[in-house]
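Order-wise, the sequence lines are chains A and B. As numbered in the numbering used here, residues 50 to 381 make up the first sequence, in order. As numbered in the numbering used here, residues 50 to 381 make up the second sequence, in order.
There are 2 protein chains.
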Amino acid sequence: MYTIALDAMGGDNAPQAVVEGAKLAVAEFDDITVRLYGPEEVLRPLVDGCERVEIVHAPDVIGMHDSPMLAVRQKTESSMVKAVMAVREGEADAVVSAGSTGALLAGGMLRIGRIRGVERPALAPVIPGRKKPFLLIDCGANVDCQARYLQQFGLMGSVYMQSVLGVERPEVGLANIGAEAEKGDRLAREAYELMSRQTAYVFKGNAEVRDVPSGDFDVVVADGFVGNVILKTIEGVTGLIMSMLKDGMRSSRRAKMGALMLRTPLREMKNRMDYKSHGGAPLLGVNGAVVKAHGSSDARAIKNAVRQARSMLEGCVVEKIRDGLEGLSMEK
Amino acid sequence: MYTIALDAMGGDNAPQAVVEGAKLAVAEFDDITVRLYGPEEVLRPLVDGCERVEIVHAPDVIGMHDSPMLAVRQKTESSMVKAVMAVREGEADAVVSAGSTGALLAGGMLRIGRIRGVERPALAPVIPGRKKPFLLIDCGANVDCQARYLQQFGLMGSVYMQSVLGVERPEVGLANIGAEAEKGDRLAREAYELMSRQTAYVFKGNAEVRDVPSGDFDVVVADGFVGNVILKTIEGVTGLIMSMLKDGMRSSRRAKMGALMLRTPLREMKNRMDYKSHGGAPLLGVNGAVVKAHGSSDARAIKNAVRQARSMLEGCVVEKIRDGLEGLSMEK
């Protein structure tokens, strides 16, 4: 039985969507208990006696405008900090939050701490690609990375894809502006060198950014600044094209009818692109399963993020990262 | 009368499309002469005595696999190097090439040279946005930038948008992963500081990458690595969505009919997204008008790139960058 701590007050649709998500999760998996953190008087009526959904009173909330570091240090009675602390104290096996990314990162790093040997934990969403989904690591936990952090990101991403998504031999690429080894900025060239030298995971060379969405790689490694730029550009361009498409479909009677006839494939396409609803982004490298659900998560997305946390526990991601890192450092 | 040197052998569709583009350009503008560089025996039959289209014999060609630096130094009889040298020697006012980007950058920097005071020339394509097009500078000429290069990119981009695209007060943003001044990696934070301090152009703060495609800024400044990542991600995602859309439209009889009814708005959308056909990317900061046309340019794209070179001359871009830089350095 896994216990998953859930920050009931995190995200745009909290607490309703979060509580609904918790209920969906326990209905789907009979080996989990979800422990909701938030003001008891708010949560009690919503939970309504649902089995395996527990409430832990946390009167305070971390807002989107709170300074992450300060909030984690000072708001010790907040739903997020208490949920994070539950993992540290061994009261829960994993923590899921749709609240402030910065605060969850800070909480994960400061309160739960790193796996022994990990230089920097990293945020790593799974993104839909043309052929298959890929893990983009790091997406913003660390700006100003060093090459050896990136070498480790490759390992952590590889472990995740193998243990959680069942990819047998994950192929790892380094996000870069060209295919050749000598391409890129200093960091990319150094990381290429280090990643080529190790044998703890399968390094397939540079992932040309233009080809990243095609899904040729299972894991794409980047400095947190660059990874975040890739993620945000994907979001921005997708939004732009979708809104242009919508405009075009309203431009005439004929177009409107055409749009109606294309409803099914367009809906499928939209669902496929909408990676936010597929679950959250794991924070890899911390000493526990931490999942950041998207701020706009609805109940289904929360349920998926809880499922993801459960898969990380079942797949022993933390233990495998620890073991893998030993292999990595031996080869250096 | 402007003389524009055109590398007749550069690009996937050379020399036919380039020669056709030259003819279209002189037909549209009666104040230009286009000087084509390439093997005379190849070009002569194609040009066919067209007025204001001249041929300068250049027997050699720089291929896409040539090392840019070596090619520029050694292939002095190549169409690209001879076209670039024509600007240096004052035989032409501008140079346009759809050939190797690296070689054109190297040629521009080594052979034509920088405008006095420019730290690093930068490649700056204009990209379609939701509200308006924006200039993304630098898109790959310089990896490992320093903050003061980025400060200058803002000026060069601002001058271009004002002089060539007629934007009265171009608003300049710094590509970043958050809106607040303290966001980003070290380079972004330092650049923010420097850009805030100057008054030679209008700095509007951080351009959150997610919002870049919406076109809130006229100029988006980035390190060449990050700018190239943004550009390539835009290309990759656009390609992905377009191919998913195509698949969806073929998925059933009904969908096929719907697609037929949407043909006009979809074609308009595709044209709007296809920035490559709108012209080329200027190399700003070198002592002459240098335009990199896209490798896949057809005759119309070549014509547009020539038009762009002409607009840069008419707008006195080089002179205005020189003057603007003086203002910039006085304020530091």
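Each residue gets a CB set at the ideal place from its N, CA and C atoms; glycine is no exception. The structure displayed is predicted, hence computed values, not measured ones.
For residue i: DSSP bridge partner residues
i: Gly87 of chain B; result: B:His106
i: Lys341 of chain A; result: A:Ser146, A:Ala330
i: Val335 of chain B; result: B:Arg163
i: Ser128 of chain B; result: Per DSSP, none; premise fails for Ser128 of chain B.
i: Ile176 of chain B; result: B:Phe183
Close-in-space but distant-in-sequence residues of the same chain around residue i (CB under 8 Å, 5 per side omitted)
i: Asp115 of chain B; result: Lys124, Ser149, Ala152
i: Arg321 of chain A; result: Pro177
i: Glu103 of chain B; result: Thr82, Val83, Arg84, Leu85
i: Arg93 of chain A; result: Ile104
i: Glu126 of chain B; result: Ala107, Pro108, Asp109
DSSP state of residue i mapped onto helix, strand, coil
i: Arg163 of chain B; result: strand
i: Asp296 of chain A; result: helix
i: Ser395 of chain A; result: Nothing can be reported for residue 395 of chain A, as the shown portion of chain A is limited to 50 through 381.
i: Thr52 of chain B; result: strand
i: Ser378 of chain A; result: helix
i: Ala171 of chain A; result: strand
i: Phe183 of chain B; result: strand
i: Ile351 of chain B; result: helix
i: Ile81 of chain B; result: strand
i: Ser207 of chain A; result: helix
i: Ser116 of chain A; result: coil
i: Asp372 of chain B; result: helix
i: Leu73 of chain A; result: helix
i: Ser346 of chain A; result: coil
i: Met361 of chain B; result: helix
i: Gly60 of chain A; result: coil
i: Arg197 of chain B; result: helix
i: Leu154 of chain B; result: helix
i: Asn191 of chain B; result: coil
i: Glu100 of chain B; result: coil
i: Glu317 of chain B; result: helix
i: Leu311 of chain A; result: coil
i: Ala66 of chain A; result: helix
i: Ala141 of chain A; result: coil
Beta-carbon proximity list for residue i, same chain, < 7 Å, skipping 5 on both sides
i: Lys381 of chain A; result: Any reading at Lys381 of chain A must be qualified, since the residue scores a pLDDT of 47, below 50, and its modelled position is unreliable; the value itself is stated next. Contacts found: none.
i: Ser245 of chain B; result: Phe252
i: Arg163 of chain B; result: Pro170, Gly334, Val335, Asn336
i: Ala196 of chain B; result: Leu236, Glu239, Ala240, Leu243
i: Ala308 of chain B; result: Met298
i: Ser212 of chain B; result: Gly364, Cys365, Val366, Lys369
i: Val91 of chain A; result: Pro64
i: Gly344 of chain B; result: Gly60, Asp61, Ala147
i: Val275 of chain B; result: Ala224
i: Leu159 of chain B; result: Val121
i: Leu362 of chain A; result: Tyr51, Asp142, Ala143, Ala338
Under 8 Å between C-beta atoms of residue i and residue j
i: Ile176 of chain A; j: Tyr51 of chain A; result: no
i: Ser146 of chain A; j: Gly59 of chain A; result: yes
i: Pro219 of chain B; j: Asp267 of chain B; result: yes
i: Ile370 of chain A; j: Met118 of chain A; result: no
i: Gly130 of chain B; j: Ala54 of chain B; result: In the sequence under discussion, the amino acid at residue 130 of chain B is Val, which differs from the Gly named in the question. Contact flag unset, no.
i: Ala74 of chain B; j: Leu311 of chain A; result: no
i: Ile226 of chain B; j: Lys281 of chain A; result: yes
i: Lys341 of chain B; j: Ala358 of chain B; result: no
i: Leu332 of chain A; j: Gly157 of chain A; result: yes
i: Val258 of chain A; j: Ile279 of chain A; result: yes
i: Gln387 of chain B; j: Leu374 of chain B; result: No statement about residue 387 of chain B is possible, as the shown extent of chain B runs from 50 to 381 and does not include it.
i: Val136 of chain A; j: Ile161 of chain A; result: yes
i: Asp234 of chain A; j: Asp187 of chain B; result: no
i: Thr287 of chain A; j: Val286 of chain B; result: yes
i: Gly203 of chain B; j: Tyr250 of chain B; result: yes
i: Val110 of chain B; j: Ile351 of chain B; result: no
i: Phe78 of chain B; j: Arg316 of chain B; result: no
Contacting residues, own chain, Cβ-Cβ under 6 Å from residue i (five flanking each side not counted)
i: Asn191 of chain B; result: Arg169, Gly273
i: Val269 of chain A; result: Phe183, Leu185, Gly222, Ala224, Ala256, Val261
i: Leu154 of chain B; result: Ala190
i: Cys99 of chain A; result: Lys72
i: Met113 of chain B; result: Ser149
i: Tyr198 of chain B; result: Glu168, Arg169
i: Val339 of chain A; result: Val144, Gly157, Leu332
i: His106 of chain B; result: Glu89
Residue i CB to nearest heavy atom of the ligand SAM below 7 Å
i: Ile53 of chain B; result: This structure lacks the ligand SAM; in fact it carries no ligand of any kind.
- Item | Every unbroken beta strand (DSSP E) inside the stretch 209-289 of chain B [3 residues or more] | 220-225, 251-257, 268-270
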